[in-house]
Amino acid sequence: MRKTLQYSLVASLVLGLQASPPEAWAADDAQFIPMATYRVGAYASSGIPWWAGEIDYFRYINEVEGGVNGVKLVWQECETEWNVDRIVECYERLKTGQDGAPTAFFFTHSTPGSYALMEKGAADRIPLIDGGGGRTESTDGSVFPYAFPILMNYYSQASVGINYIAGREGGLDKLKGKKIVTVYHDSAYGRETQAPMKLLAEKYGFENIQIPVADPGNEQSAQWRQVRQIKPDWVFLRTWGVSTPVAIKTAARFGISVERIVGDVWAGSEADVIPAGSAAKGYQALAPFPGGTAFEIHQRLKQYIIDQGKSDLKDTRYFGEVYYNIGLINAAIAVEALRTGQKKFGNRPLNGEEGRWAFEHLDIDAARLKAIGFEGLLAPLKLSCSDHEGGGAARVQQWDGQQWVLVTDWIRADHQLLRPLIEAKSAAYAKEKGITPRNCAAER
Amino acid sequence: MTATSHPLSAAVDNAPVELVARHLPWPLLVLLATAFGVLPWLGNDYWLNAILIPFLVLSLAGLGLNLLTGYTGQTSVGAAGFMAVGAFATYSLLLRVPGLPLPLALLGGGLIAAAVGFLFGIPSSRIKGFYLMVTTLAAQFFLEWVFTKFPWFYNYSSSGTISAPRLELFGYSLASPVGRYLLVLSTVVLLTWVAVNLVRSQVGRNWMAIRDMDTAAAVIGIPVDRYKRLAFAVSSFYLGVAGALWAFAYLGTASAGSFDINRSFQILFIIIIGGMGSIAGNFVGAAFISLLPIFLNQAGQWLFGGHVDAGQLQNLQKIIFGALIITFLIKEPEGLIRLLDNLRERLRVWPLRF
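Chains V and E, in that order, give the protein sequences.
For reference, each letter of the first sequence is one residue, going 1 to 444 in my numbering.
For reference, each letter of the second sequence is one residue, going 1001 to 1354 in my numbering.
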């Protein structure tokens, strides 16, 4: 027994050393992409399709397009289990790149992680990218040069949610006197929309009621009984993980129509509605990352990656799931940013400082979206020194019991209204930390 | 006759006055010199930031819990709650008392944590064992709730997160990895030295008497309740300082979520695996609990990265880690430090049999 164990250990060691994996070996002419993953732990069900989407897209770029203008992408995973301390460790491990291949950016994939790395990223000059999350005030790039809450920050999510509800009611002026309850996960993530909701309520005259759900949210009878008493016109659901299906089921039990519940970005995946069963039919959610396989990029991936057996997905039924598409979108944004940077710095791997320049000058217009096969999957995205978010639009998708169906076109957030709030918060941060904001007008 | 008037025989006369012969602990001095003198210049950012700082802070937290659980015998699963008190109190002090130097803020944070620990230690005079453990569990959840519920503690920031204020000492910035490492190292060394002396003192002996049998301790005149509460306070002081360092020297930010029940378990595992009732055991245990998963992750990437499915590789690491914990605990229930001691004894008499 012991002998067998020893032999097998030695054998596996030898095997491991012999064959060099094609992706793990980086060279100085390749672009290194660090990946802080969570394939195990409480959030693994979102993590696994997410990184499959990212890796599939990078493989597609490497193998079909021959890299980004000839620069191959290499990556390494680092398991975090969505723990902040492990994310910090992974960041420190991977920030310097690998075998000469530099790191141009770091996807935090975690709002608490973005908070923890905020100052480290600025000191090390590594852009921290957190699509659809992150610290809202870091939208103001003059104070936060190295943080990008790209695509859609939390304020925009609140604003798009309200705009969608207004659309259903027949106009923003119809919101007056309506009751809108926000049921939120009681965490940094859930509380982040309180300030914009307050502002929106003041402007449009609806009644803003906030009801917290403590983590993890397995039991929500008390909250929904309260919602029932209020008899709201709309419910904005800002839960995460297990608290979403529980909320949908409990709402149904208390007789609240699921058609009047609008989930936010992180409460709108298959994992959120399938456990809720038939109660979720008719539930709608914001989708800056829509689900489905009807997009051009999915045809390409199917042909070159999925059907060739090169996908990172163990079960190809997940192909086109919301979280898979989140991975695709994140990967595509990264690749487009690298292209933007290469236009200025030449076709070579970029470092963190060049990565920041690249992200700040990222401009994915409708034509470009069509060319890369993301039409309908991603809204046009344009970043600048003072706007690190860029997008701020989402579609709304509805669950028909089998799959997500897109029911609207892109709905934009009210940036004029929200911007002063963001600037006030970033100015407070700059004051607390003694940061002199960059002059974005001069950099242009 | 000028013969000696000593009634004692020569042998007794020459007997050592001290029970423990003191000699200079060379290995320890070399270790300290390396830690202070060599590592800051040798270690890169990764080693200082991601390996050494969390290792030292967790060792300190383990030390705090060990004083309570390993030396006084009061089981606690609320360690992270007291760490949270330390972190939030230090933050409050730095924010609201202008010009307060960092060491004083750390000390203040520790003292506030100690006061809270004292409060939650009061039930220990009436209840014991598992029941006391449940009260510490309540402390854990209560403290976590307090730091979520009341925005004053996190200065009304919408996210409920506190971020590291200025880390400076006498005008010298400690924001660099080396600065933070030296801050953590000095604190840990100082507090470890205090702890070593504390457990050797009257207080420590009383604690151990209570641990071994509190009725007997009461019979010989030890004020059991008072010493139990003292143990809670001292333990919480250590945990509070560790919590503040965890938040500001390692992560850079903290919220109540950084000090959840899992952190409490992590610290409990550190002392169980390292060795209860041992100072050095905390360091060994912290190394095992915090560094081994990182090592396994690195080794896994290096050996199998790209061949084996990444998800399976991560799960495999968890299995190996769990199996190692079980193996070590079966092999030596008294912890890794005992295992190392046995090994040392064996080496001393080598090649003879132990």
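We put the CB at the ideal spot given by N, CA and C, even for glycine.
Small disclaimer: the values here were computed from a predicted structure and weren't measured.
Quiz item: Hey, would you say Leu1169/E sits closer than 9 Å to Leu1183/E, going by beta carbons?
Solution: Working through the second sequence from its first residue, we reach residue 1169/E at position 169. Working through the second sequence from its first residue, we reach residue 1183/E at position 183. Yes, they are a contact pair.
Exercise. Tell me whether the beta-carbon of Leu406/V lies closer than 9 Å to the beta-carbon of Gly376/V.
Key: To locate residue 406/V, count along the first sequence from 1; it is residue 406. To locate residue 376/V, count along the first sequence from 1; it is residue 376. Yes. Within cutoff.
Quiz prompt | Residue-level contact to chain E via CB, Leu200/V, 9 Å cutoff | solution = To locate residue 200/V, count along the first sequence from 1; it is residue 200. It does not: the Cβ of Leu200/V has no partner Cβ on chain E nearer than 9 Å.
Quiz prompt | Alpha-carbon spacing of Thr449/V relative to Ser114/V, whole angstroms | solution = Since the first residue of chain V shown is 1 and the last is 444, residue 449/V is not available in this structure.
Self-check item: Members of the segment 1046 to 1059 of chain E that neighbour chain V once the beta carbon cut-off is set at 7 Å
Solution: So the list reads Tyr1046, Asn1049, Ala1050 and Pro1054, given in the order they occur along the chain.
Practice problem: Kindly indicate the opening and closing residues of the alpha helix (DSSP H) around Thr111/V. | Solution: As a position in the first sequence, residue 111/V is number 111, starting the count at 1. Segment Thr111 to Asp124, the alpha helix (DSSP H) holding Thr111/V.
Exercise. Compare the C-alpha of Ala195/V against each of Lys431/V, Ile422/V and Ala441/V and name the closest.
Key: Counting from one through the first sequence, the residue named residue 195/V turns up at place 195. Checked all of Lys431/V, Ile422/V and Ala441/V; the closest Cα to Ala195/V is Ile422/V.
Self-check item: Assigned secondary structure, Gly263/V (DSSP; H/G/I helix, E/B strand, else coil)
Solution: On the first sequence, position 263 is the one that residue 263/V refers to. Three-state DSSP puts Gly263/V in a strand.
Exercise. Show which residues of chain V have a CB atom less than 8 Å away from the CB atom of Gly1043/E.
Key: Sequence index remark: in the second sequence, residue 1043/E carries index 43 (1-based). Here the premise fails: no neighbours, minimum Cβ distance about 11 Å.
Quiz item: Can you tell which of Glu354/V, Lys314/V and Ile333/V has the C-alpha that lies nearest to the C-alpha of Gln342/V?
Solution: In the first sequence, the residue the question calls residue 342/V occupies position 342. Among Glu354/V, Lys314/V and Ile333/V, the Cα nearest to that of Gln342/V belongs to Glu354/V.
Quiz item: Mind pulling the chain V residues with CB within less than 9 Å of Gly1064/E?
Solution: Residue mapping note: residue 1064/E aligns to position 64 of the second sequence, counting from 1. The contacting residues do not exist; Gly1064/E stays about 18 Å from chain V at best.
Self-check item: Ordered list of alpha helix (DSSP H) runs contained in the segment 1202 to 1227 of chain E, each at least 4 residues
Solution: 1202 to 1212 and 1214 to 1219
Quiz prompt | C-beta neighbour in chain V for Gly1252/E, strict 9 Å | solution = Numbered from 1 along the second sequence, position 252 holds the residue referred to as residue 1252/E. Yes, Gly1252/E lies at the interface with chain V (some Cβ there is under 9 Å from its Cβ).
Practice problem: List the endpoints of the continuous alpha helix (DSSP H) containing Leu1111/E. | Solution: For this step, residue 1111/E is matched to residue 111 along the second sequence. Per DSSP, the continuous alpha helix (DSSP H) segment holding Leu1111/E begins and ends at Leu1102 to Gly1121.
Exercise. Using DSSP bridges, identify the partner residues of His185/V.
Key: The residue you call residue 185/V lines up with position 185 of the first sequence. For His185/V, which the question treats as bridged, DSSP gives the partners Val213/V.
Quiz item: From this set, Asn1044/E, Glu1144/E, Gly1110/E and Trp1350/E, which residue's C-alpha is nearest Ser1176/E's C-alpha?
Solution: Translated into the one-based positions of the second sequence, residue 1176/E becomes position 176. Nearest of Asn1044/E, Glu1144/E, Gly1110/E and Trp1350/E to Ser1176/E, Cα basis: Asn1044/E.
Quiz item: Do the CB positions of Pro149/V and Tyr91/V come within less than 9 Å of each other?
Solution: In the first sequence, residue 149/V corresponds to position 149, counting from 1. In the first sequence, residue 91/V corresponds to position 91, counting from 1. No, the Cβ-Cβ distance between Pro149/V and Tyr91/V is not below 9 Å.
Quiz item: Is it right to say Ala1323/E is buried, meaning 16 or more other beta carbons lie within 10 angstroms of its own, or is it exposed?
Solution: Looking up residue 1323/E in the second sequence gives position 323. Its Cβ having fewer than 16 others within 10 Å, Ala1323/E is exposed.
Quiz item: Whose Cβ in chain V lies nearer than 7 Å to the Cβ of Ile1294/E?
Solution: Counted from its first residue, the second sequence places residue 1294/E at position 294. By Cβ distance, chain V contributes Glu89.
Quiz item: Does DSSP put Val14/V in a helix, in a strand, or in coil?
Solution: As a first step, residue 14/V is located in the first sequence; it is residue number 14 there, counting from the start. Low confidence applies here, because Val14/V scores a pLDDT of 45, under 50, leaving its location unreliable and the question unanswered by this model.
Quiz item: If Leu151/V sits next to Glu389/V, beta carbons under 8 Å apart, how far is it from one beta carbon to the other, in whole angstroms?
Solution: Indexing the first sequence from 1 puts residue 151/V at position 151. Indexing the first sequence from 1 puts residue 389/V at position 389. Sure, about 7 Å apart at Cβ, within 8 Å.
Self-check item: Unbroken beta strand (DSSP E) run spanning Phe32/V, endpoints
Solution: Within the first sequence, the letter at position 32 stands for residue 32/V. It spans Gln31 to Thr37 - the beta strand (DSSP E) in which Phe32/V sits, taken as one unbroken run.
Quiz item: Quick one: what does DSSP say Cys385/V is sitting in, helix, strand or coil?
Solution: Counting from one through the first sequence, the residue named residue 385/V turns up at place 385. Here Cys385/V sits in coil by DSSP.
Practice problem: Would you list, in sequence order, the uninterrupted alpha helix (DSSP H) runs of no fewer than 4 residues that lie entirely inside the segment 406 to 444 of chain V? | Solution: Here the runs fully enclosed are 415 to 433 and 440 to 443.
Practice problem: Spatial neighbours of Asp264/V within its chain, please: CB distance less than 6 Å, with the 5 preceding and 5 following residues excluded, ordered by chain position. | Solution: Working through the first sequence from its first residue, we reach residue 264/V at position 264. Closer than 6 Å at the Cβ level, and outside the excluded window around Asp264/V, lie Gln157, Arg238 and Leu286.
Practice problem: Could you check if Asn1262/E is buried or exposed, using at least 16 other CB atoms within 10 Å of its CB as the buried criterion? | Solution: The count along the second sequence starts at 1 and reaches residue 1262/E at position 262. The residue in question, Asn1262/E, is exposed, as its Cβ has fewer than 16 Cβ neighbours within 10 Å.
Quiz prompt | Minimum Cβ-Cβ distance from Thr1090/E to chain A less than 9 Å | solution = No chain A appears in this structure, whose protein chains are V and E.
Quiz item: Using the beta-carbon of each residue, which ones in chain E are nearer than 7 Å to Asp186/V?
Solution: Along the first sequence, one-based indexing puts residue 186/V at 186. Taking a Cβ-Cβ cut-off of 7 Å, the neighbours of Asp186/V in chain E comprise Thr1148, given in sequence order.
Quiz item: Nearest to Val396/V by alpha carbon, out of Cys385/V, Ala427/V and Ala267/V?
Solution: By 1-based counting over the first sequence, the position of residue 396/V is 396. The candidate whose alpha carbon is nearest that of Val396/V is Ala267/V.
Exercise. Buried or exposed for Trp399/V, please, with buried defined as at least 16 other CB atoms from any protein chain shown within 10 angstroms of its CB.
Key: On the first sequence, residue 399/V is found 399 positions in, with the first residue counted as 1. Trp399/V is buried by the Cβ-count criterion.
Practice problem: Determine the direct distance from the alpha carbon of Ser142/V to that of Arg438/V, and round the result to whole angstroms. | Solution: The residue you call residue 438/V lines up with position 438 of the first sequence. The residue you call residue 142/V lines up with position 142 of the first sequence. When rounded, the distance between both Cα atoms is 5 Å.
Quiz item: With DSSP run on the structure shown, which of helix, strand or coil describes Arg348/V?
Solution: Translated into the one-based positions of the first sequence, residue 348/V becomes position 348. Arg348/V carries a coil assignment under DSSP once its states are collapsed to helix, strand and coil.
Quiz item: Going by alpha carbons, who is nearest to Gly1117/E out of Gly1129/E, Thr1135/E, Pro1101/E and Leu1104/E?
Solution: Sequence index remark: in the second sequence, residue 1117/E carries index 117 (1-based). For the residues Gly1129/E, Thr1135/E, Pro1101/E and Leu1104/E, the minimum Cα distance to Gly1117/E belongs to Thr1135/E.
Quiz item: Going along the chain, which residues of its own chain have a beta-carbon closer than 7 Å to the beta-carbon of Ala1035/E, five neighbours each way excluded?
Solution: Sequence index remark: in the second sequence, residue 1035/E carries index 35 (1-based). Here the set comprises Leu1185.
Quiz item: Mapping DSSP to helix, strand and coil, what is Trp50/V?
Solution: The residue labelled residue 50/V in the question sits at position 50 within the first sequence. DSSP, reduced to helix, strand and coil, places Trp50/V within a helical segment of the structure shown.
Practice problem: Put Ser156/V into one of helix, strand or coil per three-state DSSP. | Solution: Position 156 of the first sequence, counting from 1, holds the residue named residue 156/V. Note: Ser156/V maps to helix in three-state DSSP.
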